[in-house]
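Numbering (the working numbering) for the sequence shown: 215 to 478. Report on one structure; see the data block that follows.
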Amino acid sequence: MSLLARLAPHLPYVRRYARALTGDQTTGDNYVRVALETLAAGERQLPTDMTPRVALYHVFHAIWSSTGAQLEDGSGLEGGDDATRRLMRIAPRSRQAFLLTALEGFTPSEAAQILAVDPRTVERLIAEAQSDIDAELATDVLIIEDEAIISADIESLVRELGHNVTGAATTHDEAIDAVTRHRPGLVLADIQLADGSSGIDAVKDILKRFDVPVIFITAFPERLLTGERPEPTFLITKPFQPETVKAAISQALFFHPSRQKQAA
């Protein structure tokens with residue numbers, strides 16, 4: 215199989231990544247072009263111990279390092295959207311680790327291969343990026359959860375990230391009443407609620423009123439992952455890991471369009 219055939223399925227994604235990383239379409243595309251030209255000329259080889267996609271991103275970063283790029287030129291910031299400006303305020307290495315995992319879907323181990331560092335370093339960089347994001351996008355959170363202990367655990371995680379919990383509902387009606395009284399900037403919802411009502415229905419009714427990022431935290435993911443209708447971007451299965459919830463909150467707030475419009 216030719217080099218182009220091996221890499222073709224991954225090119226749109228590495229271009230997306232390069233553009234997000236640089237904050238500028240032209241700059242990002244130029245670096246991808248240089249990486250491909252270097253590969254085509256035989257000046258660099260795709261590492262054989264990596265998958266083709268991981269190897270392509272690895273070469274991209276190697277090219278970046280060899281040219282002395284610093285990711286801080288800010289060439290596209292004046293015309294960029296709020297998400298781009300927020301990204302460019304994150305320290306370069308943290309920005310890379312965050313985008314590789316949050317935007318491109320790589321595991322920390324894969325991101326470590328791409329960046330030529332150890333997985334612990336990647337996890338530290340991601341945590342630093344999330345801290346920067348959470349500090350900038352602090353918001354009001356509604357928790358829809360009928361189990362008191364779990365609700366308290368989630369509230370503790372939310373407050374650790376610097377957010378404010380404005381309501382903790384245990385039923386559909388309580389959830390609707392809570393958003394009527396105070397519009398949240400984020401909703402964390404279970405599926406099966408105290409009185410037999412549905413967290414899915416509560417979220418649907420909330421989204422009819424306004425656009426807000428939602429994270430489902432549930433022991434019944436199969437009720438959402440049916441393939442029969444649009445499925446949630448953020449779905450966490452119980453029992454959950456605290457760091458998984460924190461990461462999902464950071465990503466939901468950062469990438470959701472309504473949050474981008476509200477950010478200053």
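Each residue gets a CB set at the ideal place from its N, CA and C atoms; glycine is no exception.
**Report entry** Residues bridged to Thr-252 (per DSSP)
**Finding:** Thr-252 is not bridged by DSSP to any residue.
Query raised in the report: To the nearest angstrom, how far is it from the Cα of Asp-367 to the Cα of Glu-251?
Result: Distance between the alpha carbons of Asp-367 and Glu-251 is about 51 Å.
Query raised in the report: How many angstroms separate the CA atom of His-193 from the CA atom of Leu-439?
Result: Only positions 215 to 478 of the chain appear in this structure, which leaves residue 193 out of reach.
Report task. Could you give the DSSP three-state label for Gly-381: helix, strand or coil? Result -> Here Gly-381 carries a strand assignment [DSSP, helix/strand/coil].
Query - Short CB-CB distance (under 7 Å) between Ile-431 and chain D - result: Absent from the structure: chain D. Only one protein chain is present.
Report task. Out of Glu-436, Ala-461, Pro-223, Lys-422, state which residue places its alpha-carbon closest to the alpha-carbon of Ile-429. Result -> Per the Cα distances, Ala-461.
Report task. Within its chain, find whatever has a CB closer than 7 Å to the CB of Arg-220; leave out the 5 residues flanking it on each side and keep chain order. Result -> Excluding residues up to 5 positions away in sequence, Pro-266 lie with their Cβ nearer than 7 Å to the Cβ of Arg-220 in the same chain.
Query raised in the report: In the DSSP assignment, what residue or residues form a beta bridge with Thr-432?
Result: Paired residues: Thr-451.
Query raised in the report: Start and end of the alpha helix (DSSP H) containing Asp-409?
Result: Note, Asp-409: premise wrong, no alpha helix (DSSP H); not H, not E.
Query raised in the report: Pick from Val-336, Arg-334, His-386: whose alpha carbon is nearest that of Leu-356?
Result: The shortest C-alpha separation from Leu-356 is found at His-386.
Report task. Please name the residue in Thr-315, Gly-319, Pro-456, Val-248 whose C-alpha comes closest to that of Val-336. Result -> Of the listed residues, the one whose Cα sits closest to Val-336 is Thr-315.
Query raised in the report: Which residues in the same chain have their Cβ closer than 6 Å to the Cβ of Asn-378, if we skip the five residues on either side of it in sequence?
Result: Excluding positions up to five away in sequence, the list reads Asp-354.
Query raised in the report: Terminal residues of the continuous alpha helix (DSSP H) containing Asp-332?
Result: In the DSSP assignment, Asp-332 falls outside any alpha helix (DSSP H) and carries neither an H nor an E.
Query raised in the report: Is the CB-CB distance between Ile-358 and Ala-408 below 7 Å?
Result: Going by C-beta atoms, Ile-358 is not nearer than 7 Å to Ala-408.
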